[in-house]
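**Q**
Protein chains in written order, with this note's numbering: chain A, 1 to 119; chain B, 1001 to 1223.
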């Protein structure tokens, strides 16, 4: 279940969009005890100026992404825009039965996009 | 259903060799596993902030509740305790010994055990409940061939009203060694003074391992 992606790279400034991964849809609901799914989200949006300029608490004011957006606004054909990628991620845990009838709890880092950024 | 290729790739990325065949009907999820899941899963924590203090940062690859490093926790049931009643010459007197077997073949060689807690639930004989002075539990290796098995550890047990727990790491196998594929132990519970023998209801193993391939060092705090 995802927020509709709007074209390639269009659809406003770079930000996290909602994406819910349902274990039932992947067909794992019989052996995954919990959770039923999780909000993974994804990044999409424009990384042109001023969206590329970092917000409060963001990376240094002038990093490569800003330089590249400046170059693009000056000579669009020279370089593309920076990419809208995950900037902060968080983990999930999955509780399930394995094939030896053990109850297993596994912890996975970097499974949920909390913040996106231009890089 | 997702295309098999995609689902298989995701399964592999999650470190699972194959798709588990589904929950065994007769096996409830142990409360300890629910508790660990609810404490561990950030999205659970977000929906019920009472369980974790706001702003608490959970260290990656660490099981806070048990205070050990780890990112995989398994609750493994004994594969059926075989009871042997020994004659009066047995070191444990008249009481029974049990052989318990844990199948650890699901544990990958890259996983380093950090915690292996054996939990046993006993039932006392009705007639003379409670042995004065408590009990002594001994955990040993099963004898191979004719020789007697070696005792790995002994522990005083005051009451059988609550589960008896012993830490096996460092006793059943070396701390920095990977887990054996199978663990066969002999349990004996001897009343310290005269009293009735007990019977073993259930034995399980709570095993915590660290798969460093799935760990990322804590990101450096922003300068």
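Ideal Cβ placement from N, Cα and C applies to all residues, glycine included.
1. According to the neighbour-count rule (16 or more other Cβ atoms, all chains shown, within 10 Å of its Cβ), is residue 1174/B buried or exposed?
2. Inspect the CB distances between the segment 1060-1079 of chain B and the segment 1097-1116 of chain B and report whether three or more fall short of 8 angstroms.
3. Assuming residue 38/A and residue 112/A make a contact with CB atoms under 8 angstroms, what is their CB distance in whole Å?
4. Please list the partners that residue 966/B has in chain A, where partner means a Cβ-to-Cβ separation under 7 angstroms.
5. Identify the continuous beta strand (DSSP E) that holds residue 1165/B and give its terminal residues.
6. Suppose the cutoff is 6 angstroms on Cβ atoms and the five residues either side in sequence are ignored; what does the same chain contact list for residue 12/A look like?
7. Residue 1179/B CB to nearest chain A CB: under 8 angstroms?
8. Would residue 108/A pass as an interface residue toward chain B - the criterion being a Cβ-Cβ separation below 8 angstroms?
9. Along chain E, which residues have their Cβ under 7 angstroms away from the Cβ of residue 75/A?
10. Given this structure, state the Cα-to-Cα distance separating residue 1001/B from residue 1066/B, to the nearest angstrom.
11. With a threshold of 8 angstroms between beta-carbons, can residue 105/A be considered close to chain B, or not?
12. How big is the Cα-Cα spacing for residue 1014/B and residue 1113/B?
13. If you reduce the DSSP assignment to three classes, tell me which class residue 1031/B lands in.
14. Are any of the Cβ atoms in chain B nearer than 8 angstroms to that of residue 27/A?
15. Just to make sure I have the definition right: I need the residues of chain A whose C-beta is within less than 7 angstroms of the C-beta of residue 1163/B. Which are they?
16. So which of 1143/B, 1019/B and 1196/B has the shortest CA-CA distance to residue 30/A?
17. Looking at chain A, is there any beta carbon in it that lies within less than 8 angstroms of the beta carbon of residue 1122/B?
18. Does residue 1115/B get closer than 8 angstroms to chain A when you measure Cβ to Cβ?
19. Given a threshold of 16 other Cβ atoms within 10 Å of its Cβ, counted over all protein chains shown, does residue 1176/B qualify as buried or as exposed?
20. Please list, in chain order, the chain B residues whose beta carbon lies closer than 8 angstroms to that of residue 82/A.
21. If you reduce the DSSP assignment to three classes, tell me which class residue 1074/B lands in.
22. Express the C-alpha separation of residue 106/A and residue 1031/B in angstroms, rounding to a whole number.
23. Taking residue 2/A as the reference, which of 90/A, 56/A, 40/A and 81/A has the closest Cα?
24. Considering only the beta carbon of each residue, do residue 1172/B and residue 1123/B sit closer than 8 angstroms?
25. Please state the DSSP three-state secondary structure of residue 1066/B.
26. Using beta carbons (cut-off 8 angstroms, strictly below), is residue 1014/B in contact with chain A?
27. Under a Cβ-count criterion, where at least 16 other Cβ atoms within 10 Å of its own Cβ denotes burial, should residue 72/A be classed as buried or exposed?
28. Output, in chain order, the set of chain A residues within a Cβ distance shorter than 7 angstroms of residue 1100/B.
**A** By the coordinates alone:
1. As a first step, residue 1174/B is located in the second chain; it is residue number 174 there, counting from the start. Burial call: exposed.
2. yes
3. Here residue 38/A is taken as the residue at index 38 of the first chain, counted from 1. Here residue 112/A is taken as the residue at index 112 of the first chain, counted from 1. Correct: roughly 7 angstroms between the Cβ atoms.
4. Outside the displayed range of chain B (1001 to 1223) lies residue 966/B, so it cannot be described from this structure.
5. Mapped onto the second chain, residue 1165/B falls at position 165. Residues 1164-1167.
6. The residue you call residue 12/A lines up with position 12 of the first chain. Excluding residues within five positions, the ones whose Cβ falls inside 6 angstroms are 45.
7. The count along the second chain starts at 1 and reaches residue 1179/B at position 179. So no, residue 1179/B is outside the interface.
8. Numbered from its first residue, the first chain carries residue 108/A at position 108. Yes, residue 108/A lies at the interface with chain B (some Cβ there is under 8 angstroms from its Cβ).
9. Absent from the structure is chain E; the protein chains it does hold are A and B.
10. Residue 1001/B sits at position 1 when you count from the first residue of the second chain. Residue 1066/B sits at position 66 when you count from the first residue of the second chain. Residue placement at residue 1001/B cannot be trusted, given a pLDDT of 49 that sits under 50; the coordinates are not used to answer.
11. Indexing the first chain from 1 puts residue 105/A at position 105. Closer than 8 angstroms to some Cβ of chain B, the Cβ of residue 105/A qualifies, so yes.
12. Start at 1 with the first residue of the second chain, and residue 1014/B comes out as number 14. Start at 1 with the first residue of the second chain, and residue 1113/B comes out as number 113. When rounded, the distance between both Cα atoms is 19 angstroms.
13. Start at 1 with the first residue of the second chain, and residue 1031/B comes out as number 31. Looking at residue 1031/B - three-state DSSP - the assignment turns out to be helix.
14. Locating residue 27/A in the first chain gives position 27, counting from the first residue. Cβ-Cβ to chain B under 8 angstroms: yes for residue 27/A.
15. Translated into the one-based positions of the second chain, residue 1163/B becomes position 163. Neighbours of residue 1163/B on chain A: none; closest Cβ ~16 angstroms, over 7 angstroms.
16. Numbered from 1 along the first chain, position 30 holds the residue referred to as residue 30/A. Of the candidates 1143/B, 1019/B and 1196/B, the one whose C-alpha sits nearest the C-alpha of residue 30/A is 1019/B.
17. Translated into the one-based positions of the second chain, residue 1122/B becomes position 122. No, its Cβ sits nowhere closer than 8 angstroms to a Cβ of chain A.
18. Numbered from its first residue, the second chain carries residue 1115/B at position 115. No - not a single Cβ of chain A is within 8 angstroms of the one on residue 1115/B.
19. Indexing the second chain from 1 puts residue 1176/B at position 176. Residue 1176/B comes out exposed.
20. For the purposes of this step, residue 82/A is taken as residue 82 along the first chain, with counting starting at 1. Those do not exist, as residue 82/A stays about 20 angstroms from chain B at its closest Cβ, beyond 8 angstroms.
21. Within the second chain, the letter at position 74 stands for residue 1074/B. DSSP places residue 1074/B in strand when its eight states are reduced to three.
22. By 1-based counting over the second chain, the position of residue 1031/B is 31. By 1-based counting over the first chain, the position of residue 106/A is 106. Near 16 angstroms, if we compare the C-alpha coordinates of residue 106/A and residue 1031/B.
23. As a working mapping, residue 2/A is identified with position 2 in the first chain. Here the closest residue by C-alpha is 40/A.
24. Start at 1 with the first residue of the second chain, and residue 1172/B comes out as number 172. Start at 1 with the first residue of the second chain, and residue 1123/B comes out as number 123. Contact: no.
25. Within the second chain, numbered from 1, the residue matching residue 1066/B stands at position 66. If DSSP states are grouped into helix, strand and coil, residue 1066/B belongs with coil.
26. As a working note, residue 1014/B is residue 14 in the second chain. It does; some Cβ of chain A falls within 8 angstroms.
27. In the first chain, the residue the question calls residue 72/A occupies position 72. Per the 10 Å Cβ criterion, buried.
28. Reading the second chain from its first residue, position 100 is the one you call residue 1100/B. Going along chain A, no residue has its Cβ under 7 angstroms from residue 1100/B, so there is no contact; the nearest lies around 15 angstroms.
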